[in-house]
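**Q** Converting from the sequence shown to the numbering used here requires adding 24 to each position, the first position being numbered 1.
Just passing along the structure, written as structure tokens.
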Amino acid sequence: MASKATITDDDVILEGPSGSNDNPTHILVVIDGLKDVSIEFLEWVLKNFTFRGNCTITLLSVMPWLNIPLSAKTWAGIWSMEHDIFDLCRKYGVGLEIKTEMGHPLRLLVVEKISSLQPTLVVFDRYVNDY
Numbered sequence: 025m026a027s028k029a030t031i032t033d034d035d036v037i038l039e040g041p042s043g044s045n046d047n048p049t050h051i052l053v054v055i056d057g058l059k060d061v062s063i064e065f066l067e068w069v070l071k072n073f074t075f076r077g078n079c080t081i082t083l084l085s086v087m088p089w090l091n092i093p094l095s096a097k098t099w100a101g102i103w104s105m106e107h108d109i110f111d112l113c114r115k116y117g118v119g120l121e122i123k124t125e126m127g128h129p130l131r132l133l134v135v136e137k138i139s140s141l142q143p144t145l146v147v148f149d150r151y152v153n154d155y
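Shown next as structure tokens:
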């Protein structure tokens with residue numbers, strides 16, 4: 025029987041202005057859009073931070089430009105988990121936005137989204153380091 029993967033502190037990279045990690049109001053979670061969405065990863069984020077009253081989490085799925093059949097399959101994977109993700113965020117009392125961005129180079133795409141969204145905390149999934 026295969027063991028279930030668990031999220032550890034080594035799987036996550038945290039970035040944010042000093043002091044903002046304590047009580048973030050807008051968290052940007054950057055994930056690789058070509059990988060399966062991990063509920064466990066999002067739950068790790070929700071468990072390890074305290075939130076002020078009006079906190080929002082933006083789940084940003086980034087990927088290179090894809091042909092139409094492959095991009096439809098990838099988006100279907102994200103949206104099939106949407107109900108579970110919303111339920112999890114509701115359980116912790118935070119709002120959720122889901123965004124999917126395609127482009128190249130991916131690092132520049134992520135930097136542009138961080139700049140435009142201005143989150144108080146950015147959490148990168150470990151797969152984003154591969155860019």
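Think of the CB as a built atom: it goes at the ideal place given N, C-alpha and C, for glycine as much as any other residue.
From which residue to which residue does the beta strand (DSSP E) around F148 run?
**A** Start and end: L145 to D149.
**Q** G57 and M105 - do their beta-carbons sit closer together than 8 angstroms?
**A** Cβ distance not < 8 angstroms, so M105 and G57 don't count as in contact.
**Q** How far does the beta strand (DSSP E) with L84 in it reach, from first residue to last?
**A** Residues T80 to M87.
**Q** Would you call F65 buried or exposed, if buried means 16 or more other Cβ atoms sit within 10 Å of its Cβ?
**A** Counting Cβ neighbours within 10 Å, F65 comes out buried, since at least 16 surround it.
**Q** From the beta carbon of N72, is the nearest beta carbon of chain E less than 8 angstroms away?
**A** No chain E is present in this structure, which holds just one protein chain.
**Q** By alpha-carbon positions, which one of P48, V54 and S62 ends up nearest to D112?
**A** With the sequence shown as reference, residue 112 is identified as Leu, and Asp is not the correct amino acid for it. Comparing Cα-Cα distances from L112 to each of P48, V54 and S62, the minimum goes to S62.
**Q** Which class does S27 belong to by DSSP, given the choice of helix, strand or coil?
**A** At S27 the pLDDT is 41, less than 50, meaning the model places this residue with poor confidence and gives no usable figure here.
**Q** Would you report the Cα separation of M126 and H50, rounded to the nearest angstrom?
**A** Their backbone Cα atoms lie some 22 angstroms apart in a straight line.
**Q** Express the C-alpha separation of S85 and D60 in angstroms, rounding to a whole number.
**A** Near 10 angstroms, if we compare the C-alpha coordinates of S85 and D60.
**Q** When you compare only the Cα positions, how much space is there between I109 and S139?
**A** Roughly 25 angstroms separates the two Cα atoms.
**Q** Measure the Cβ-Cβ separation of V146 and V69 and say whether it is below 8 angstroms.
**A** Contact: no.
**Q** CA-CA distance, R131 and K137?
**A** Each residue's alpha carbon lies about 10 angstroms from the other.
**Q** Just the C-alpha distance for C79 and G119, rounded to the nearest angstrom, thanks.
**A** So the two alpha carbons sit approximately 6 angstroms from each other.
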